[in-house]
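In full-length UniProt numbering, the protein residues as written are 1 to 113.
In this text, a Cβ means the ideal position worked out from N, Cα and C, and glycines have one as well.
Notes to accompany the following structure.
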């Protein structure tokens, strides 16, 4: 089975006034469905109020991040699925719940994970 990252940037999720709870309930229902199906690995949103830091091999911590990941934010789900087609089906469910398109990427196989 392959692990898939299903994600969206924060700016993609535009929720009309008064509909936040409905979106949250729909998203939680899809999460529960994935858990019940045994495909859930992890999910959540990046806490954008906590600034990123870089940690070097010697333990030195500096504020900031790699330039290409400066805009890393939004919501992420990792599911373990039998096929890319299954990943696309789950991404569609998440897209409906979150009311925005989802990006799908496969993790490379690692026998230790």
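> What is the residue span of the beta strand (DSSP E) that residue 105 lies within?
Replying inline: 103–106
> Can you tell me whether DSSP reads residue 69 as helix, strand or coil?
Replying inline: In the structure shown, residue 69 sits in a helix (DSSP, three-state: H, G or I).
> From this set, 53, 38 and 48, which residue's C-alpha is nearest residue 67's C-alpha?
Replying inline: It is 53.
> Taking the alpha carbon of residue 13 as the point to measure from, which residue in 2, 80, 73 and 61 has its own alpha carbon closest?
Replying inline: 73
> According to the Cβ coordinates, are residue 45 and residue 31 closer than 8 Å?
Replying inline: no
>> Just to confirm my understanding: we take residue 107, look at its own chain, exclude 5 residues before and 5 after, and list those with CB closer than 6 Å. What are they?
In response: 3
> How would you call residue 112, buried or exposed, if buried means at least 16 neighbouring beta carbons within 10 angstroms?
Replying inline: exposed
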